[in-house]
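Each residue of the sequence shown is one higher than the one before, counting from 457 in the working numbering.
In what follows, a structure is listed as structure tokens, so that the remarks can point back to it.
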Amino acid sequence: PVEFLLKQLKLNGWSTPMLICVYRAYCLSHFTYSAVMLTSTSAAAKYEMNAFNSRLWRIMGIDDQTAGSYKLLPIAEFIDHVCEQTLNRIMADPNHPITSCQPRNLRLNARFPFQTRKANKAAYHNSFLQKFLRKLRNDSNSQNARASLYLV
């Protein structure tokens, strides 16, 4: 697996930036591909992903501060970041099935274009679409609130 690969490359004298390139290409690409599903995993699964990520950082010889200088995020934050980018891309495309099927908010003073439904189950409540639509709605409300502060 990737742990063995990184250990062998480090033993062969690869520098930290080269190891980070391998880490990004091999590990983060898997997390990027499956981020939409991984955002709603259990706390135990998220703990395991974080432990795996910490092991890889330890093998490469980087700590949190060094990771920040290479713009590497903890895995939960990375997954959330990828999901936010994915949702922004979906929202920008009016022909995407999610934006065409999502019920519109018809209130005149609505700040957010879609209605978000109450979730009955925790799994649905934490799913990609519901979780990040709520975040987008809350962000747009806070931005509008900040904008109204400047208008006064």
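Beta carbons: idealized from backbone N, C-alpha and C, even for Gly.
Since this is a predicted model, take the numbers as computed values, not measurements.
By the C-beta criterion, the stretch 503-513 is judged to be in contact with the stretch 521-536, since at least 3 inter-stretch pairs fall below 8 Å.
In the structure shown, the three-state DSSP call for H552 is coil. Just so you know, the alpha carbons of L494 and I554 end up roughly 19 Å apart. One Cα belongs to G517, the other to C477, and the distance between them is close to 14 Å. The C-beta distance from L475 to K463 rounds to 10 Å, too long to fall under 8 Å, and the pair is not in contact.
Of the residues F588, S471, T472, R514, the one whose Cα lies closest to the Cα of A491 is F588. Under the three-state reduction of DSSP output, I535 falls in the helix class. Minimum Cα-Cα distance from A499 among the listed residues W470, D519, A532 corresponds to A532.
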